[in-house]
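Novice: Going left to right, the sequence shown walks through residues 0 to 585 as numbering that gives the first Met the number 0 numbers them.
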Amino acid sequence: MAAIIQELQAVLPGVAIGRALQLDQWSLLLIFHRRQGPAGLLLSVKPGAPRVELLSPPRKPSVSSSRFGDLVASKTKEALIEAVEQVELDRIMAIQLRGGSLPDAAMTLYVEMLGPASNLFLVDRVTGTVIDRLRAASGRTRGQTPGPGEPYQPLFDSGRVDPRFVKEDEFQELIRPHLTEGVEPARILATCFAGFSSLMATELVARSGLSTLAPLDEQSRTLWKPFCDLMGRVATAAFEPRLLMGSDGKPVGIAAFPLVTVAADHQVPFSTMAEAFTVYYGSREQVERLQALRAELVRRLESEISAAERLSAKLGQEATIYREGELHARKGQLLLANRAGIRRGEQTVELVDYADPGTPLLRIELDPACSIEENARRYFALHRKAKRGTAIVNTRLEEVALRLATLRLLFRETETAKDLGELQRVDAALARVARRRPTQGPAAPRVRQSEGPEPRTFRSSDGLAILVGKSGTGNDHLTWRLARSYDLWLHAQGIPGSHVLVRLAKGKQTPPRTLCEAAQLAAYYSRSRGQVKVPVNYVLRKYLRKPKAAAPGAVLLTQEKTITVRPEADLVRRLHAAADASRAED
Numbered sequence: 000m001a002a003i004i005q006e007l008q009a010v011l012p013g014v015a016i017g018r019a020l021q022l023d024q025w026s027l028l029l030i031f032h033r034r035q036g037p038a039g040l041l042l043s044v045k046p047g048a049p050r051v052e053l054l055s056p057p058r059k060p061s062v063s064s065s066r067f068g069d070l071v072a073s074k075t076k077e078a079l080i081e082a083v084e085q086v087e088l089d090r091i092m093a094i095q096l097r098g099g100s101l102p103d104a105a106m107t108l109y110v111e112m113l114g115p116a117s118n119l120f121l122v123d124r125v126t127g128t129v130i131d132r133l134r135a136a137s138g139r140t141r142g143q144t145p146g147p148g149e150p151y152q153p154l155f156d157s158g159r160v161d162p163r164f165v166k167e168d169e170f171q172e173l174i175r176p177h178l179t180e181g182v183e184p185a186r187i188l189a190t191c192f193a194g195f196s197s198l199m200a201t202e203l204v205a206r207s208g209l210s211t212l213a214p215l216d217e218q219s220r221t222l223w224k225p226f227c228d229l230m231g232r233v234a235t236a237a238f239e240p241r242l243l244m245g246s247d248g249k250p251v252g253i254a255a256f257p258l259v260t261v262a263a264d265h266q267v268p269f270s271t272m273a274e275a276f277t278v279y280y281g282s283r284e285q286v287e288r289l290q291a292l293r294a295e296l297v298r299r300l301e302s303e304i305s306a307a308e309r310l311s312a313k314l315g316q317e318a319t320i321y322r323e324g325e326l327h328a329r330k331g332q333l334l335l336a337n338r339a340g341i342r343r344g345e346q347t348v349e350l351v352d353y354a355d356p357g358t359p360l361l362r363i364e365l366d367p368a369c370s371i372e373e374n375a376r377r378y379f380a381l382h383r384k385a386k387r388g389t390a391i392v393n394t395r396l397e398e399v400a401l402r403l404a405t406l407r408l409l410f411r412e413t414e415t416a417k418d419l420g421e422l423q424r425v426d427a428a429l430a431r432v433a434r435r436r437p438t439q440g441p442a443a444p445r446v447r448q449s450e451g452p453e454p455r456t457f458r459s460s461d462g463l464a465i466l467v468g469k470s471g472t473g474n475d476h477l478t479w480r481l482a483r484s485y486d487l488w489l490h491a492q493g494i495p496g497s498h499v500l501v502r503l504a505k506g507k508q509t510p511p512r513t514l515c516e517a518a519q520l521a522a523y524y525s526r527s528r529g530q531v532k533v534p535v536n537y538v539l540r541k542y543l544r545k546p547k548a549a550a551p552g553a554v555l556l557t558q559e560k561t562i563t564v565r566p567e568a569d570l571v572r573r574l575h576a577a578a579d580a581s582r583a584e585d
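1. In the DSSP assignment, the beta strand (DSSP E) including PRO268 goes from what residue to what residue?
2. Report the option in GLU202, ARG528, PRO551 and GLU6 whose CA atom is closest to the CA atom of ALA430.
3. Can you say whether TYR353 is buried or exposed, counting buried as having 16 or more other CB atoms within 10 angstroms of its CB?
4. Out of GLY529, ILE304, THR415 and THR389, which one is the CA nearest neighbour of ALA400?
5. Would PHE170 pass as a contact of PHE226 if the rule is Cβ separation under 8 Å?
6. Whose C-beta lies closer than 6 Å to the C-beta of PRO367 among residues of the same chain, with five residues either side of it excluded?
7. What beta strand (DSSP E) runs, 3 residues minimum, are completely inside the segment 42 to 77?
8. Is TYR321 helix, strand or coil by DSSP?
9. For the beta strand (DSSP E) containing LYS560, list its first residue and its last residue.
10. By the DSSP assignment, the alpha helix (DSSP H) with ASP426 in it spans what residues?
11. Short of 6 Å in beta carbon distance, which residues of its chain neighbour ALA273, apart from the five on each side in sequence? Order them along the chain.
12. I'd like to check one pair, GLY36 with LEU29: are the Cβ atoms closer than 8 Å?
13. Measuring only the C-alpha atoms, how far is MET230 from VAL182?
14. Excluding the 5 residues preceding and the 5 following ASP123 in the sequence, name in chain order all residues of the same chain whose CB lies nearer than 7 Å to its CB.
15. Nearest by alpha-carbon distance to LYS507: which of LEU539, LEU477, CYS515 and GLY493 is it?
16. Reducing DSSP to helix, strand and coil, say where PRO441 ends up.
17. Given a cut-off of 8 Å, decide if LEU11 and VAL110 are closer than it, judged by their beta-carbon atoms.
18. For the segment 458 to 466 against the segment 568 to 584, do three or more pairs of beta-carbon atoms, one drawn from each stretch, fall closer than 8 Å, so that the two count as touching?
19. Provide the residue span of the beta strand (DSSP E) that contains HIS476, from first to last.
20. LEU113 and LEU133: beta carbons closer than 8 Å?
21. Roughly how many angstroms lie between the CA atoms of GLY245 and GLU317, to the nearest whole one?
22. Is GLY252 closer than 8 Å to LEU198 when the C-beta atoms are compared?
23. Got a sec, what are the start and stop residues for the alpha helix (DSSP H) MET230 sits in?
24. Checking the sheet assignment: what are the DSSP bridge partners for GLY39?
25. Take PRO147 and list the residues in its own chain whose beta-carbon comes closer than 6 Å to its own, dropping the five residues that flank it on each side.
26. Just mark VAL62 as buried or exposed, buried being the case when its beta carbon has 16 or more other beta carbons within 10 Å.
27. Taking just the CA atoms, how far does PRO60 sit from ILE3?
28. Is the beta carbon of LEU543 sitting closer than 8 Å to the one on TRP488?
29. Helix, strand or coil: how does DSSP classify PRO153 here?
30. Output needed for TYR194: all residues of its chain with C-beta closer than 6 Å, excluding positions within five of it in sequence on either side, in chain order.
31. For the alpha helix (DSSP H) containing VAL118, list its first residue and its last residue.
32. DSSP beta-bridge partners for ALA19?
33. Which runs of the beta strand (DSSP E), 3 residues or longer, sit entirely within the segment 518 to 578?
34. Quick one: measure Cβ to Cβ for ALA517 and VAL499, integer angstroms, because I've assumed they're closer than 8 Å.
35. Assuming GLY471 and ALA428 make a contact with CB atoms under 8 Å, what is their CB distance in whole Å?
36. In the structure shown, what three-state DSSP assignment does THR126 receive?
Shown next as structure tokens:
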């Protein structure tokens, strides 16, 4: 916090606020002008992710109207920023303002970044009372969130001491009782001193080389030196910002100094905290967008799958009813064969059904107002209707089954997608197979979708190129755009996986070793990666057909053959390295 405020102190004092915009229920954007052009200060008190960030203001920001936002906008327009301060080394920033709607007005905008209790307060600096606050009910204890007209009191972390003014004897007195109780040193530092996060407390203990087996006096003295060094760096603003990276290569935090508790290759240096924060929060927003889109796709897919399952069950019931069509035909035939023995005007008649091996009596209902021939024609008409219905229902059942399989495939891709691009391709595919709903107004113009990610490339032991799709859309791009009719196509049998393509010269056969290696790639890039034996279908590309209205990746194949292989990660790495070496030579 001290590092980012030190950078703001070099930029903000002396600038005038042009506009204040409330972006959402948590965030306020102050827009001002510098020589380099317009700039913005984002103040966000979102619980779990409060932040202060210098950024370029968006051209068309989305604005959320509220009483607080409107009031800040009116009172701070053209107000001068006099100073930016940190309140007692806590996570509270005070922006001192002068002027605005009233030329002599003196105000302070407090930014409290305290977890669930985070809040924004606009305070009259003369009277010390709250003009307004962003959140009426924050994480403060009941009655502690001051409202308009009430005195403002910063919400400090109770009991924590400002470490900048601590002397050695006071330091010893503060931590020794906790050491006596066996409390972990890092926890003691984070509990006793303001501004100490658990990360920095752990870092300080690591730098001290503290041994918990040493006498208590020695432990407290051991902690004092790195404590003084750290406070000296804060006092002189000797910050060296670092972006901390996780094992997956994504940002997980920010530090104002290089850390000994984090591997050096997991720390990315930045010249300013502002730059580090921009990258960090950009990554977090990307993750949040990924999670939000994934959740939305899961919701929509579950709804579509449920609807398709209900429709399939309903069509199955209709198919059962239509199967009685042959019975209607037999009734008509029996009526004609026995019409001489049936009197007109009867409502029911029982006739022997010789078509049934058990020759049971078949009960037939009659319309007494019609002749026997007319009753027979009525049953024949029911038979024709059932026959037509059966064909229609069976066709629809096939369509629904294919659509259901496609939706389930998209659901699995949604669960395993690793980036926003993959989810966006699933979204586009879902739009093509989802139920059609009536739209209001003219249809939106169609946007041409991307062809999907480029395939993975490998080279077989025989020197042939092997391509492997990366997703449903990538599989489509590989099979229907890149493949030639005489190329060999492979896919793990009966399970989701990547399309695999072996590039062949026209009229040439696939070498057995290449066939085996391509099949192993198909098995490896499928849901059966961990199995010992995986059956893989292979066929020339010309024997593939894409089902109508199917999602990306769906195919129908004929004349296929099957080979059983074992997926091996070492082979995958070797074939990939061979492809890289071939490109380097080219």
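For every residue, glycine included, the Cβ atom is placed at its ideal position computed from N, Cα and C.
Specialist: Working from what's here:
1. Position 269 of the sequence shown, counted from the start, is the residue given in the question as residue 268. From DSSP, the beta strand (DSSP E) with PRO268 extends over 266 to 268.
2. Within the sequence shown, numbered from 1, the residue matching residue 430 stands at position 431. Among GLU202, ARG528, PRO551 and GLU6, the Cα nearest to that of ALA430 is on PRO551.
3. If you number the sequence shown from 1, residue 353 lands on position 354. Its Cβ having fewer than 16 others within 10 Å, TYR353 is exposed.
4. To locate residue 400, count along the sequence shown from 1; it is residue 401. Among GLY529, ILE304, THR415 and THR389, the Cα nearest to that of ALA400 belongs to ILE304.
5. Stepping through the sequence shown from its first residue, residue 170 is reached at position 171. Stepping through the sequence shown from its first residue, residue 226 is reached at position 227. Yes; because the gap between Cβ atoms is below 8 Å, this pair is in contact.
6. Counting from one through the sequence shown, the residue named residue 367 turns up at place 368. If we look at PRO367 and ignore the five residues flanking it on each side, its Cβ neighbours are GLY344 and GLN346.
7. Runs found: 50 to 54.
8. Taking the sequence shown and counting its residues from 1, one reaches residue 321 at position 322. DSSP, reduced to helix, strand and coil, places TYR321 within a helical segment of the structure shown.
9. Position 561 of the sequence shown, counting from 1, holds the residue named residue 560. Annotation: the continuous beta strand (DSSP E) that includes LYS560 extends over 560 to 564.
10. Walking along the sequence shown from the start, residue 426 turns up at place 427. 419 to 432 is the extent of the alpha helix (DSSP H) around ASP426.
11. Position 274 of the sequence shown holds residue 273. Correct list, in chain order: GLU6 and LEU53.
12. The residue labelled residue 29 in the question sits at position 30 within the sequence shown. The residue labelled residue 36 in the question sits at position 37 within the sequence shown. Between LEU29 and GLY36, the CB-CB gap reaches or exceeds 8 Å.
13. Residue numbering aside, residue 230 sits at position 231 when the sequence shown is read from its first letter. Residue numbering aside, residue 182 sits at position 183 when the sequence shown is read from its first letter. So the alpha carbons of these two residues sit roughly 23 Å apart.
14. Position 124 of the sequence shown, counting from 1, holds the residue named residue 123. Counting only residues of its own chain and dropping the five nearest sequence neighbours on each side, ASP123 has a CB closer than 7 Å to the CB of MET106 and ILE130.
15. Walking along the sequence shown from the start, residue 507 turns up at place 508. Among LEU539, LEU477, CYS515 and GLY493, the Cα nearest to that of LYS507 belongs to LEU539.
16. Sequence index remark: in the sequence shown, residue 441 carries index 442 (1-based). Low per-residue confidence applies at PRO441: pLDDT is 42, beneath 50, and the placement is therefore not dependable enough to give any value.
17. Walking along the sequence shown from the start, residue 110 turns up at place 111. Walking along the sequence shown from the start, residue 11 turns up at place 12. Taking a C-beta distance under 8 Å as the contact criterion, VAL110 and LEU11 do not qualify as a contact pair.
18. Taking a cut-off of 8 Å on C-beta distances, the segment 458 to 466 touches the segment 568 to 584, as three or more cross pairs fall below it.
19. In the sequence shown, residue 476 corresponds to position 477, counting from 1. No beta strand (DSSP E) holds HIS476; DSSP gives it neither H nor E.
20. Position 114 of the sequence shown, counted from the start, is the residue given in the question as residue 113. Position 134 of the sequence shown, counted from the start, is the residue given in the question as residue 133. No, these two residues do not count as a Cβ contact at 8 Å.
21. Counted from its first residue, the sequence shown places residue 245 at position 246. Counted from its first residue, the sequence shown places residue 317 at position 318. CA-CA distance, GLY245 to GLU317, rounds to 56 Å.
22. Working through the sequence shown from its first residue, we reach residue 198 at position 199. Working through the sequence shown from its first residue, we reach residue 252 at position 253. The Cβ atoms of LEU198 and GLY252 sit closer than 8 Å to each other.
23. The residue you call residue 230 lines up with position 231 of the sequence shown. Segment 215 to 234, the alpha helix (DSSP H) holding MET230.
24. Here residue 39 refers to the residue found at position 40 when the sequence shown is read from its first residue. For GLY39, which the question treats as bridged, DSSP gives the partners ILE30 and LEU54.
25. Counting from one through the sequence shown, the residue named residue 147 turns up at place 148. Counting only residues of its own chain and dropping the five nearest sequence neighbours on each side, PRO147 has a CB closer than 6 Å to the CB of VAL129 and ASP131.
26. As a working mapping, residue 62 is identified with position 63 in the sequence shown. Exposed, because fewer than 16 other Cβ atoms sit within 10 Å of the Cβ of VAL62.
27. Taking the first residue of the sequence shown as 1, we reach residue 3 at position 4. Taking the first residue of the sequence shown as 1, we reach residue 60 at position 61. Roughly 24 Å between the two C-alpha positions.
28. Taking the sequence shown and counting its residues from 1, one reaches residue 543 at position 544. Taking the sequence shown and counting its residues from 1, one reaches residue 488 at position 489. Taking 8 Å as the cut-off, the Cβ atoms of LEU543 and TRP488 count as close.
29. Walking along the sequence shown from the start, residue 153 turns up at place 154. DSSP places PRO153 in coil when its eight states are reduced to three.
30. Indexing the sequence shown from 1 puts residue 194 at position 195. Here residue 194 is Gly; the residue named in the question, Tyr, does not match the sequence. These residues qualify, in order along the chain: LEU88.
31. As a first step, residue 118 is located in the sequence shown; it is residue number 119 there, counting from the start. The sequence given here places Asn at residue 118; Val does not occur at that position. Bounds of any alpha helix (DSSP H) do not take in ASN118; it lies within the beta strand (DSSP E) bounded by 118 to 123.
32. As a working mapping, residue 19 is identified with position 20 in the sequence shown. The partner list for ALA19 (beta bridge, DSSP) reads LEU29.
33. Within the segment 518 to 578, the complete beta strand (DSSP E) runs of at least 3 residues are 533 to 539 and 560 to 564.
34. Against the sequence shown, residue 517 aligns to sequence position 518. Against the sequence shown, residue 499 aligns to sequence position 500. The pair is a contact, with the Cβ atoms about 5 Å apart (cut-off 8 Å).
35. For this step, residue 471 is matched to residue 472 along the sequence shown. For this step, residue 428 is matched to residue 429 along the sequence shown. Contact flag correct, Cβ pair sits at about 6 Å.
36. Taking the first residue of the sequence shown as position 1, residue 126 is located at position 127. Reduced to three states, the DSSP call for THR126 is coil.
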